[in-house]
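Quick notes on the structure that follows.
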Ligand code: SAM
Ligand code: SF4
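Numbering (the working numbering), first residue to last: 25 to 370.
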């Protein structure tokens, strides 16, 4: 698909044409990655963050949530829960937190691999090449780093550099791949300032980078952040009539087009999708191209503090309750829970 074709599909409103898009995405998903839905246990290991991303409720500064960092023992309990529930992967995610030292993370990764034999995915922000190499050598398999937008001006506006350090997530993804990681990225749909043209470029870039994993979900405004207020209005005004809405249908179009552009990638049905449609958002993603879900295994008392945006789905359930709910949701759409690490199929 060319960028223009992607753009035309993104703007499509005709329900019959959209039915054809959903069907093609679902058929491609079945043919290329099968009916298994891979479950990845998500451990939110720290909500400290040094960055000031304008969209995110964990951003540094006053007005953020009460901060926490899980101990080694607590992370290993998350891994034990993931293993007990039959998940093949532990995803360790956090704000960009220098308090998570190179040695600490490497030790935990080594221990998770040794004790539980799980695949390990890291999503710890823009860390140094020395850090990510040490974690790879400790056994980490995959790294998630969303590039957020392929438009350099919009990126600079919503994702400020740290002093003396220019942020280039695409370049970092390529270095992570060279270190031997499977790489995952993605964007928010309906980010203020995001036009149809920019979003089409994002999907084209997923394909160009040949990403192993791609996470897309709607942008959900947080009142704790600049993009929960006037700064969002200014960016939306800049995009004008071309501003992409942050609604469910548009997010699902992006999931479906991502499957068509990247047929063999692992694509989650995201928590953000489940948040805007708690009744059937997960299923909608899974039947329009997605093949992965990331149930939360963070202790519920900490999970409520990992508040990227308000009203996040599944924050109060225990890991066991999430697992039971997902198994039911997967069975009811005629799919099955995957076994094993569920890495990229080649
Ligand atoms: N700190 C790491 C990073 O930035 O890569 C990982 C954690 S960060 C919270 C994970 C993702 O959450 C970001 O890449 C971003 O796309 C998404 N996110 C942040 N704020 C959001 C919002 N308001 N609505 C939807 N998704 C959001
Ligand atoms: Fe920090 Fe990640 Fe949120 Fe940016 S998106 S403020 S790096 S947690």
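Here a beta-carbon is modelled for each residue, glycine too, at the ideal position from N, C-alpha and C. Note that the structure is a prediction, hence the values are computed from the model and not measured.
Same chain, Cβ closer than 8 Å to residue 282, five either side skipped, listed in chain order: 227, 230, 238, 240, 289, 291 and 313
For the beta strand (DSSP E) holding residue 347, just list the boundary residues, first then last. Run containing residue 347: none in the beta strand (DSSP E); it sits in the alpha helix (DSSP H), 343–356.
Quick one, are the C-beta atoms of residue 276 and residue 308 less than 9 Å apart? yes
In the DSSP assignment, the alpha helix (DSSP H) including residue 225 goes from what residue to what residue? 220–232
Distance, residue 310 Cα to residue 370 Cα: 21 Å
Check residue 361 in the structure and name its three-state DSSP category. strand
Length of the line joining the Cα atoms of residue 85 and residue 47: 45 Å
So residue 113 and residue 143 are in contact, right, with Cβ under 8 Å, and what is the actual spacing, rounded? 4 Å
In angstroms with no decimal places, state the Cα-to-Cα distance between residue 145 and residue 109. 17 Å
I'd like to know whether the C-beta atoms of residue 367 and residue 165 end up nearer to each other than 9 Å. yes
Where residue 208 falls: helix, strand or coil (DSSP): strand
Specify which residues have a beta carbon nearer than 6 Å to any heavy atom of ligand 2, listing them in chain order. 73, 75, 77, 80, 82, 83, 119, 120 and 149
Terminal residues of the alpha helix (DSSP H) in which residue 98 lies: 96–108
I need the boundaries of the beta strand (DSSP E) containing residue 60, first residue and last residue. 60–70
Grouping DSSP H, G and I as helix and E and B as strand, with all else coil, what is residue 111? coil
So, under 8 Å CB-CB, residue 105 and residue 343 are touching, yes? Tell me the CB distance rounded to an integer number of Å. 5 Å
Relative to the C-alpha of residue 93, which residue among 76, 128, 61 and 75 is closest? 128
Starting from residue 57, trace the alpha helix (DSSP H) in both directions and tell me its first and last residue. 39–57
Say the cut is 8 Å; is the CB of residue 195 nearer than that to a heavy atom of ligand 1? no
To the nearest angstrom, how far is the alpha carbon of residue 138 from that of residue 300? 38 Å
Please state the DSSP three-state secondary structure of residue 305. helix
If we count Cβ pairs, one from each stretch, closer than 8 Å, do we get three or more for the segment 29–48 versus the segment 343–354? no
Fully enclosed by the segment 259–337, which alpha helix (DSSP H) runs are 4 residues long or longer? 272–285, 295–300, 305–310 and 324–327
What number of angstroms, rounded off, separates the C-alpha of residue 80 from the C-alpha of residue 178? 15 Å
Enclosing beta strand (DSSP E) for residue 241 [first to last residue]: 237–242
Using the Cα positions of residue 357 and residue 187, report the straight-line distance between them to the nearest angstrom. 48 Å
Can the beta-carbon of residue 115 be found closer than 9 Å to that of residue 152? no
With a cut-off of 8 Å on the beta carbons, I'd call residue 198 and residue 209 a contact; round off their distance for me. That belief does not hold up - the Cβ atoms of residue 198 and residue 209 are roughly 11 Å apart, past 8 Å.
By the three-class DSSP mapping on this structure, what secondary structure does residue 79 have? coil
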